[in-house]
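**Student:** In the order they appear, the protein sequences are chains A and B. Using this note's numbering, read the first sequence as starting at 4 and increasing by one per residue. Using this note's numbering, read the second sequence as starting at 16 and increasing by one per residue. In this text, a Cβ means the ideal position worked out from N, Cα and C, and glycines have one as well.
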Amino acid sequence: KAGVTQTPRYLIKTRGQQVTLSCSPISGHRSVSWYQQTPGQGLQFLFEYFSETQRNKGNFPGRFSGRQFSNSRSEMNVSTLELGDSALYLCASSDLVSVNEQFFGPGTRLTVL
Amino acid sequence: TQLLEQSPQFLSIQEGENLTVYCNSSSVFSSLQWYRQEPGEGPVLLVTVVTGGEVKKLKRLTFQFGDARKDSSLHITAAQPGDTGLYLCAGVGNNNDMRFGAGTRLTVKP
Numbered sequence: 004k005a006g007v008t009q010t011p012r013y014l015i016k017t018r019g020q021q022v023t024l025s026c027s028p029i030s031g032h033r034s035v036s037w038y039q040q041t042p043g044q045g046l047q048f049l050f051e052y053f054s055e056t057q058r059n060k061g062n063f064p065g066r067f068s069g070r071q072f073s074n075s076r077s078e079m080n081v082s083t084l085e086l087g088d089s090a091l092y093l094c095a096s097s098d099l100v101s102v103n104e105q106f107f108g109p110g111t112r113l114t115v116l
Numbered sequence: 016t017q018l019l020e021q022s023p024q025f026l027s028i029q030e031g032e033n034l035t036v037y038c039n040s041s042s043v044f045s046s047l048q049w050y051r052q053e054p055g056e057g058p059v060l061l062v063t064v065v066t067g068g069e070v071k072k073l074k075r076l077t078f079q080f081g082d083a084r085k086d087s088s089l090h091i092t093a094a095q096p097g098d099t100g101l102y103l104c105a106g107v108g109n110n111n112d113m114r115f116g117a118g119t120r121l122t123v124k125p
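Next up, the structure:
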């Protein structure tokens, strides 16, 4: 099986812009979670989607949003970018049987100038 | 403030040495996971511990879950340069929410 894929791998944006990141889970996995990773804060949970519904949400402002499509692919969107949004954004998928065993993608490195 | 505190934050040792890294919390978890992350990649799951007091061994790695299910440790015997990476612990709460520590960055020098 192919692993979790994320696109793009690298992205440079300026303050005030918006960005959309994409994640394709492992085939058959219906749960997709998003995380923000920074050197100071580590991995911070953004949200989790299951069967096109947001099932869990972390403590991030409303500028961060996501969605999941019927094929389980997921996107996250960040509007009105701030310098502090620069981070590695990781997507992880899991199946129904072992929902806590997450498989991570390589991440999208976002730099906000 | 991190829900899960990992220590040390950085660790640099010589090949062949032993080491232990710690993951501590004031919260109780239904399970706890350890991941390793290498540069340019996402974290990879190493182990899941579920039962208080549980010990799991994975070749030269030994994982222990505290009796109260609030803390965990990872011990590496005879470290090798291939063990270099960021080691992350993650606690799973009662409603399946997962929280990560900030990680221990390990460097093993040849």
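Quick one: is residue 117 (chain B) near chain A, going by C-beta distance under 8 angstroms?
**Tutor:** Within the second sequence, residue 117 (chain B) is the residue found at index 102, counting from 1. Answer yes: the Cβ-Cβ gap between residue 117 (chain B) and chain A drops below 8 angstroms somewhere.
**Student:** Would the beta-carbon of residue 87 (chain B) fall within 8 angstroms of that of residue 64 (chain B)?
**Tutor:** Within the second sequence, the letter at position 72 stands for residue 87 (chain B). Within the second sequence, the letter at position 49 stands for residue 64 (chain B). Yes, they are a contact pair.
**Student:** Pairs of beta-carbons, one from the stretch 11 to 21 of chain A and one from the stretch 23 to 36 of chain B, closer than 8 angstroms: are there three or more?
**Tutor:** Touching, no, given that fewer than three Cβ pairs across the two stretches are closer than 8 angstroms.
**Student:** Can you list the residues of chain B that residue 59 (chain A) reaches, using a CB-CB cut of under 7 angstroms?
**Tutor:** To locate residue 59 (chain A), count along the first sequence from 1; it is residue 56. 112, listed in chain order.
**Student:** Just checking: is the beta-carbon of residue 11 (chain A) within a distance shorter than 8 angstroms of some beta-carbon in chain B?
**Tutor:** Within the first sequence, numbered from 1, the residue matching residue 11 (chain A) stands at position 8. It does not: the Cβ of residue 11 (chain A) has no partner Cβ on chain B nearer than 8 angstroms.
**Student:** Strictly by DSSP, which residues pair up with residue 60 (chain A)?
**Tutor:** The residue you call residue 60 (chain A) lines up with position 57 of the first sequence. The partner list for residue 60 (chain A) (beta bridge, DSSP) reads A:50.
**Student:** One question on the structure: do residue 67 (chain B) and residue 82 (chain B) come within less than 8 angstroms of each other, judged by their Cβ atoms?
**Tutor:** Here residue 67 (chain B) refers to the residue found at position 52 of the second sequence. Here residue 82 (chain B) refers to the residue found at position 67 of the second sequence. Yes.
**Student:** Could you pull the DSSP bridge partners for residue 67 (chain A) from this structure?
**Tutor:** As a first step, residue 67 (chain A) must be located in the first sequence, where it is residue number 64. Paired residue(s): A:81.
**Student:** Counting contacts by CB-CB distance shorter than 8 angstroms, is residue 48 (chain A) in contact with chain B?
**Tutor:** Taking the first sequence and counting its residues from 1, one reaches residue 48 (chain A) at position 45. Closer than 8 angstroms to some Cβ of chain B, the Cβ of residue 48 (chain A) qualifies, so yes.
**Student:** To be precise: take each residue of the stretch 42 to 70 of chain B, compare its Cβ to all Cβ atoms of chain A, and keep it if any distance is under 9 angstroms. Which residues remain?
**Tutor:** Flagged, chain order: 45, 46, 48, 50, 52, 55, 56, 57, 58, 59, 60, 63.
**Student:** State the beta-bridge partners of residue 28 (chain B) as determined by DSSP.
**Tutor:** Counted from its first residue, the second sequence places residue 28 (chain B) at position 13. B:123.
**Student:** Please list the residues of the stretch 67 to 93 of chain A that have a C-beta atom closer than 7 angstroms to any C-beta atom in chain B, keeping them in chain order.
**Tutor:** Listed by position, the residues of the stretch 67 to 93 of chain A near chain B (Cβ gap below 7 angstroms) are 93.
**Student:** If you reduce the DSSP assignment to three classes, tell me which class residue 45 (chain A) lands in.
**Tutor:** Here residue 45 (chain A) corresponds to residue number 42 of the first sequence, with the count starting at 1. Note: residue 45 (chain A) maps to strand in three-state DSSP.
**Student:** Are the C-beta atoms of residue 24 (chain B) and some chain A residue less than 8 angstroms apart?
**Tutor:** Stepping through the second sequence from its first residue, residue 24 (chain B) is reached at position 9. Cβ-Cβ to chain A under 8 angstroms: no for residue 24 (chain B).
**Student:** In angstroms with no decimal places, state the Cα-to-Cα distance between residue 56 (chain B) and residue 103 (chain B).
**Tutor:** Numbered from its first residue, the second sequence carries residue 56 (chain B) at position 41. Numbered from its first residue, the second sequence carries residue 103 (chain B) at position 88. Between residue 56 (chain B) and residue 103 (chain B), the C-alpha separation is close to 13 angstroms.
**Student:** Residue 15 (chain A) lies in the beta strand (DSSP E); which residues open and close that run?
**Tutor:** What you label residue 15 (chain A) is simply residue 12 of the first sequence in a count that begins at 1. Here the beta strand (DSSP E) through residue 15 (chain A) covers 13 to 16.
**Student:** Here's a check: name, in chain order, each residue in its chain whose Cβ is nearer than 6 angstroms to the Cβ of residue 58 (chain B), leaving out the five neighbours to either side.
**Tutor:** Translated into the one-based positions of the second sequence, residue 58 (chain B) becomes position 43. Hits under 6 angstroms: 50, 52, 103.
**Student:** Please report the distance separating the alpha-carbon of residue 64 (chain A) from that of residue 92 (chain A).
**Tutor:** Counting from 1 along the first sequence, the entry for residue 64 (chain A) is found at position 61. Counting from 1 along the first sequence, the entry for residue 92 (chain A) is found at position 89. Approximately 16 angstroms, taken between the alpha carbons.
**Student:** Interface residues of chain B around residue 109 (chain A) at Cβ under 8 angstroms?
**Tutor:** Along the first sequence, read from residue 1 onward, the residue named residue 109 (chain A) stands at position 106. What residue 109 (chain A) touches in chain B: 55, 56, 57.
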